[in-house]
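Presented below is the structure to which this report refers.
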Amino acid sequence: MINRFTIKEKSEQLNIPFKNLLSASVAEIIIGIIADGKYCNELYLCNTGDFNQAVYKDICISNIYFEYIKEIDEKMAVLYMRDILKDIMAKGSSEAFIVNGTVEEGAIHLKITVDEMYIPLKIYFDKHRASHEPEKMELKLTAYENRSVVVFTNPKEEELSKHLIEIIEKLELINDMDHYYLAYKILTEYPVNGRKVKERLAELLAERSIEINDDRINMLEGYRSYTYMKKKWKVELRQVKKSEPAWEDVNICLINFLKPIWKAIEDNVVFLGDWMPQLKRFLD
10 MINRFTIKEK
20 SEQLNIPFKN
30 LLSASVAEII
40 IGIIADGKYC
50 NELYLCNTGD
60 FNQAVYKDIC
70 ISNIYFEYIK
80 EIDEKMAVLY
90 MRDILKDIMA
100 KGSSEAFIVN
110 GTVEEGAIHL
120 KITVDEMYIP
130 LKIYFDKHRA
140 SHEPEKMELK
150 LTAYENRSVV
160 VFTNPKEEEL
170 SKHLIEIIEK
180 LELINDMDHY
190 YLAYKILTEY
200 PVNGRKVKER
210 LAELLAERSI
220 EINDDRINML
230 EGYRSYTYMK
240 KKWKVELRQV
250 KKSEPAWEDV
260 NICLINFLKP
270 IWKAIEDNVV
280 FLGDWMPQLK
290 RFLD
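Letter by letter, the sequence shown follows residues 10 to 293 in this note's numbering.
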């Protein structure tokens, strides 16, 4: 069972801030409850990169992201999440958790108390749209010595690479601005393994015979103040019924991600950066 003493001891042992380790340990157990639940084969964990001790040293985990493969409308999705919430509340007691929660705007909002310590968590759910098969991952629970859970995951590197190659190849002639919208969504919601994107993007660039030089990236960066692209982005936002993000924010985020990867491809060197969505930059 998680308690103040065990977390403090583990925190000192692993050199992870107490608050960060507490939140991560609770989040891992919540993932375990979902992975052992009746919807385990229908839910893919997306932010797998958040759940490792190197990240815990820098970030306090507050969000868990899942995608569901079930064909349901928005109304049914709410009922689906409520059912998952009931399961979490019922099984949380076996972990000595006091769990309260609500379903709001595509997410389960959890308020968890353990040993008089309060941990807020949000579990976001979105429709799985990618075509590639999920992977299985064993997640070792930090709070326990010999306990782990197996969960289906949906790594975002392949999906992101396919959006980026369209952006890179078509430049201002791009018709489907969904590529920008979905790439930005991935980069602001999910951790991304930079090495995997670099390797896959290099393959796609070679397949399409796209020359790797600074001119193309400089052009993409210059679109930040390009009125034509701003107008296209406004049309995209209307189509997805959103009022944000601003085009400048999208461009800055994409360029911050692409520049170091592009440089690694150009120099033919290994790239080891891990992208942190909370920071909108690579973790040093």
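Even glycine gets a Cβ: it sits at the ideal position worked out from N, Cα and C.
How about Ser157: is its Cβ closer than 6 Å to a heavy atom in the ligand SAM? With respect to small molecules bound, the structure shown includes none, and the ligand SAM cannot be examined in it.
What first and last residue would you give for the alpha helix (DSSP H) that runs through Val206? Bounds of the alpha helix (DSSP H) holding Val206 are 203-216.
Could you check whether Val123 and Ile11 sit closer than 7 Å to each other, using their CB atoms as the reference points? yes
For Thr111, count the other beta carbons within 10 Å of its own beta carbon; 16 or more makes it buried, fewer makes it exposed. Which is it? exposed
What is the DSSP secondary structure of Met98, counted as helix, strand or coil? helix
For Asp258 and Pro286, the rounded distance between their alpha carbons: 13 Å
At what residues does the alpha helix (DSSP H) containing Asn155 begin and finish? No alpha helix (DSSP H) contains Asn155, which DSSP labels as neither H nor E.
Could you have a look at Met126 and say whether DSSP puts it in helix, strand or coil? strand
With a 10 Å radius around its C-beta and 16 neighbouring C-beta atoms as the bar for buried, classify Val108 as buried or exposed. buried
What is the DSSP secondary structure of Leu267, counted as helix, strand or coil? helix
Who are Asn50's beta bridge partners in DSSP? DSSP lists no partner for Asn50.
Nearest to Phe60 (by Cα), restricted to the options Lys136, Asn202, Ile93: Asn202
How big is the Cα-Cα spacing for Arg209 and Leu54? In a straight line, the C-alpha of Arg209 is about 21 Å away from that of Leu54.
Assuming Glu166 contacts Val206 under a Cβ cut-off of 8 Å, what Cβ separation, rounded to an integer in Å, is found between them? 5 Å
Compute the distance between the beta-carbons of Glu245 and Met186, then report whether it is under 7 Å. yes
Mind checking Asn277: buried by the 16 CB within 10 Å criterion, or exposed? exposed
Please report the distance separating the alpha-carbon of Phe27 from that of Leu130. 16 Å
Consult DSSP for Arg138 and reduce its assignment to one of helix, strand or coil. coil
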